[in-house]
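K.L.:
Residue numbers (the numbering used here): 241 to 557. Before I ask anything, let me first share the structure, which is written out below as structure tokens.
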Amino acid sequence: MAAAGEDQPAAARVGKSETAHQSVWRDIVCRNFIESSPSPADPDRFIGKLSTRRPAGLDVASIMSSAQTVSRSTAEIDRSPSQCLFFIWQVDGQGSVEHDGGTTTLGCGDGVLFDPNRPYRLTFDDDFRQICVKVPPSWLRDRCVADIDKVLGHKLGVPALHPVLGAATAALMIDNDEAAAPAVDMFLEILGRSIYWANRGNGGASSRILDHAERLRQTIARHYADENLTPSVVAVAMGCSLRQVHKICASLGTTFGRLVLEVRLGAASRALAGGDMSVSRISDIAYECGFNDLSHFCRSFKARYGRTPRDYRRGSA
């Protein structure tokens, strides 16, 4: 990061990166990410840089900045509501997140998930570097059976997962189109596991229920492309009874069919966001994700995402 006070242009654009002094920093943040109110600790010596990428339809920003506070008010939320959750991975520097009345400290190697549709305040007392990812909640539903709301604003993961989650997050910023979709899949998988473990430690569902639900999710994730996937097939794969499969679904407040549909729609949304219209037809994606009826797929997709598969793909281009 450029040292505070270095002679820099007021705003410079290099590829997908923007560097600015305090006078235009707010515009850059709002335009590239979300409406909020950055407030530099020392306006005369402030410098910030924001680089963005969109691997497989996922919005990612690398931020390097001088000390500042970033807040988002109710009025800003009303003007620009978000369809995504935000995940921050702190690469360097110290900070804190005030969210839902609680405060969580952030140090190097810490990750936190929060909802930008609730007022928040990020505080950084010195130069810092972080990666921020806008995560559609629906993209997590087929990767995580735990209660996402219970971990919002809290640090994620366990020591064994910290370096893996950090590496998966950093990989999202690598400029490699061929590796984009696998990188997004890996990030979502590790983030889902981190949410699962954080849920166990934050008063979520009982450990036994979560363990069974996680096994069910992993089994469905391995077999969702099979259009003939049934509770009986999954029960055999899990080594349990058919009754147990339905019991796990009931404990999650859902049904087997809905769980499978969520997994398939999530896979389809990622394929549509990261695919090439000239290479993969929408019908091919639907069949590859386990749908045997294109009309059913299109209706279900629009009900989940509010757009047809074709419009979703165009909006992700």
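Cβ atoms here follow ideal geometry from the backbone N, Cα and C, with glycine treated the same way.
Measure the Cβ-Cβ separation of serine 302 and serine 291 and say whether it is below 8 Å.
P.N.:
Yes, the pair counts as a contact, with Cβ atoms nearer than the cut-off.
K.L.:
Where does glutamate 338 fall in DSSP's three states?
P.N.:
In the structure shown, glutamate 338 sits in a strand (DSSP, three-state: E or B).
K.L.:
Take the Cβ of threonine 343 as the centre, count every other Cβ of all protein chains shown within 10 Å, and call the residue buried at 16 or more, exposed below.
P.N.:
Threonine 343 is exposed by the Cβ-count criterion.
K.L.:
Just to confirm my understanding: we take glycine 546, look at its own chain, exclude 5 residues before and 5 after, and list those with CB closer than 8 Å. What are they?
P.N.:
Contacts found: none.
K.L.:
State yes or no: is the C-beta of glycine 464 within less than 8 Å of the C-beta of leucine 512?
P.N.:
Correcting the residue type first, residue 464 is tyrosine in the shown sequence and not glycine. Against a cut-off of 8 Å, the Cβ pair of leucine 512 and tyrosine 464 comes out as no contact.
K.L.:
Tell me whether arginine 312 is buried or exposed, calling it buried when 16 or more other Cβ atoms sit within 10 Å of its Cβ.
P.N.:
Arginine 312 should be labelled buried.
K.L.:
Where does cysteine 270 fall in DSSP's three states?
P.N.:
Cysteine 270 falls in the helix class under three-state DSSP.
K.L.:
Determine the burial state of threonine 409: buried for a count of at least 16 other Cβ atoms within 10 Å of its Cβ, exposed for fewer.
P.N.:
Threonine 409 should be labelled buried.
K.L.:
Curious, which full-length alpha helix (DSSP H) runs of at least 4 residues does the stretch 284-350 contain?
P.N.:
Correct list: 314-319.
K.L.:
Who are the Cβ neighbours of glycine 443 in its own chain at under 8 Å, not counting the five residues just before and after it?
P.N.:
Confidence at glycine 443 is low in this model, with a pLDDT of 49, below 50, so its placement is unreliable and the value that follows should be read with caution. Closer than 8 Å at the Cβ level, and outside the excluded window around glycine 443, lie Lys390.
K.L.:
Under the assumption that isoleucine 488 contacts alanine 453 (Cβ atoms under 8 Å), give the Cβ distance between them as a whole number of angstroms.
P.N.:
With a Cβ gap of about 6 Å, isoleucine 488 and alanine 453 count as contacting.
K.L.:
From Cys270, Ala281, Leu469, pick the residue whose C-alpha is nearest to that of leucine 499; which is it?
P.N.:
Minimum Cα distance to leucine 499 is reached at Leu469.
K.L.:
Going straight from the alpha carbon of proline 403 to that of serine 535, what length do you get?
P.N.:
So the two alpha carbons sit approximately 43 Å from each other.
K.L.:
Would you report the Cα separation of glutamate 502 and aspartate 284, rounded to the nearest angstrom?
P.N.:
Approximately 50 Å, taken between the alpha carbons.
K.L.:
Can you name, in chain order, every residue of its own chain whose Cβ lies under 8 Å from the Cβ of valine 473, other than the five neighbours on each side?
P.N.:
If we look at valine 473 and ignore the five residues flanking it on each side, its Cβ neighbours are His463, Asp466.
K.L.:
Taking the alpha-carbon positions, what's the methionine 241 to arginine 510 distance?
P.N.:
Unreliable positioning characterises methionine 241 in this predicted model, as indicated by a pLDDT of 31, which lies under 50. The coordinate reading is nonetheless provided below. If you take the alpha carbons of methionine 241 and arginine 510, they lie about 33 Å apart.
K.L.:
Given this structure, state the Cα-to-Cα distance separating lysine 374 from leucine 298, to the nearest angstrom.
P.N.:
Lysine 374 and leucine 298: Cα-Cα distance of roughly 7 Å.
K.L.:
What residue range is occupied by the uninterrupted beta strand (DSSP E) comprising tyrosine 360?
P.N.:
Unbroken beta strand (DSSP E) run through tyrosine 360: 360-364.
K.L.:
On a Cα-Cα basis, can you pick out the residue from His394, Arg381, Asp425, Gln334 that is closest to serine 305?
P.N.:
With distances taken between Cα atoms, serine 305 lies closest to Gln334.
K.L.:
Which of the three DSSP states is assigned to serine 491 in this structure?
P.N.:
DSSP places serine 491 in helix when its eight states are reduced to three.
K.L.:
Could you check whether leucine 405 and glycine 182 sit closer than 8 Å to each other, using their CB atoms as the reference points?
P.N.:
The question about residue 182 has no answer, for the chain in this structure spans 241 to 557.
K.L.:
Sort out for me which residues DSSP pairs cysteine 372 with in a bridge.
P.N.:
Its beta-bridge partners are Ala301, Ile328.
K.L.:
Span of the beta strand (DSSP E) holding proline 356?
P.N.:
Counting along the chain, proline 356 falls outside any beta strand (DSSP E), and DSSP gives it neither H nor E.
K.L.:
Taking the alpha-carbon positions, what's the leucine 325 to leucine 431 distance?
P.N.:
Cα to Cα, leucine 325 sits roughly 12 Å from leucine 431.
K.L.:
Are the beta-carbon atoms belonging to glutamate 429 and arginine 383 less than 8 Å from one another?
P.N.:
It is a contact, given that the beta carbons lie within the stated cut-off.
K.L.:
Let me check one thing: in DSSP terms, what residues is proline 280 bridge-paired to?
P.N.:
The partner list for proline 280 (beta bridge, DSSP) reads Gln308.
K.L.:
Once the 5 residues before and after valine 331 are set aside, which same chain residues still bring their CB inside 6 Å of it?
P.N.:
Excluding residues within five positions, the ones whose Cβ falls inside 6 Å are Arg369, Gln370.
K.L.:
What does a CB cutoff of less than 8 Å around isoleucine 435 pick up in its chain, not counting 5 residues either side in sequence?
P.N.:
For isoleucine 435, where only same-chain residues beyond five positions count, the Cβ hits under 8 Å are Leu353, Leu380, Cys384, Ala386, Ile388, Val391, Leu396.
K.L.:
Pick from Thr314, Arg319, Asp415, Gly349: whose alpha carbon is nearest that of histidine 339?
P.N.:
Considering only alpha carbons, the answer is Thr314.
K.L.:
How should glycine 530 be labelled, buried or exposed, when 16 other C-beta atoms within 10 angstroms of its C-beta is the threshold for buried?
P.N.:
With 16 or more other Cβ atoms within 10 Å, it is buried.
K.L.:
Are the Cβ atoms of valine 424 and proline 549 separated by less than 8 Å?
P.N.:
In this structure, proline 549 does not lie closer than 8 Å to valine 424 by Cβ.
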